[in-house]
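This report concerns only the one structure given below.
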Amino acid sequence: MSIQPEPKVLFGCKEIETAVSRLAAEIRGDYHDKHPVLIGVLKGAFVFLADLVRLLDFPLEVEFIMLASYGKGQASSGNVKVIQELGSNILGRHVLIIEDIVDSGLTTTFLLDYLWKKKPTSLKLCAMLDKPSRRRTPVNIDYLGFTISDKFIVGYGIDWGEKFRNLPNICFVEAED
Ligand code: PRP
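Residue 102 in this note's numbering is what sits at position 21 of the sequence shown, and the numbering runs on without skipping anything.
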């Protein structure tokens, strides 16, 4: 039986709250009169999205899309598939993608291309975490919480083998092969 790693705190609840508040203010400034559709990328973004939308006091809609990157250990294969589709049409809408983390960038690149084909009026990206040292394809993040070094992140919606999504802090574990 493998030993479960002990997560260590990278960003605690106070730091998370401050970052989410800052992002909400930025998003409010740009979208308060646009009735946007926020698309949470499942599963990882569910906690971030829940925190963010409760600070956005203007009309908006929430949708989810579930993606999976097959062949993924701790690194993305780039073979991204849609597991669960959006529940509504985004044609002509202002769309904001809500991601927990951009790592290689392959998931985001796939999703941007996938959503642009649905002809939204605008399409932007909000991510809580950016790990630029791992990037394999360029990604522009319009609203960003934190830039981080190459740590394996868990908590705040993000998993390690489906564990730790429920940790309230953004944590990291020591990588194992
Ligand atoms: C994670 C994360 C992003 C993606 C980022 O999702 O939520 O969607 O990986 O990695 P990338 O930039 O290297 O493509 P994951 O595929 O692990 O699924 P999950 O959200 O269901 O945990």
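Beta carbons are placed, not taken as given, at the ideal position from N, Cα and C, and that holds for glycine.
Between R109 and F139 the beta-carbon gap is near 7 Å, inside 8 Å, which marks them as a contact.
P201 counts as buried, since no fewer than 16 other beta carbons sit within 10 angstroms of its beta carbon. Looking at the DSSP output, V220 sits in no beta bridge, so it has no partner there. Annotation for K89: the continuous beta strand (DSSP E) segment containing it runs K89 to F92.
The DSSP-derived three-state label of G110 is helix. Across the set G226, L206 and P249, the C-alpha of L206 shows the shortest separation from the C-alpha of H175. At least one heavy atom of the ligand PRP lies closer than 7 Å to the C-beta of T188. Looking at L225, W241, N250 and E243, the one whose alpha-carbon comes closest to that of E107 is L225.
About 6 Å separates the beta carbons of L148 and I164, which is inside the 8 Å limit, making them a contact pair. At least one heavy atom of the ligand PRP sits closer than 7 Å to the Cβ of A149. The Cβ atoms of K212 and D231 lie closer than 8 Å to each other. When rounded, the separation of the alpha-carbon atoms in E96 and W197 is 33 Å. Taking a 10 Å sphere around the C-beta of A131, we find fewer than 16 other C-beta atoms and assign the residue as exposed. When the Cα atoms are used, D181 and H116 turn out to be separated by approximately 22 Å.
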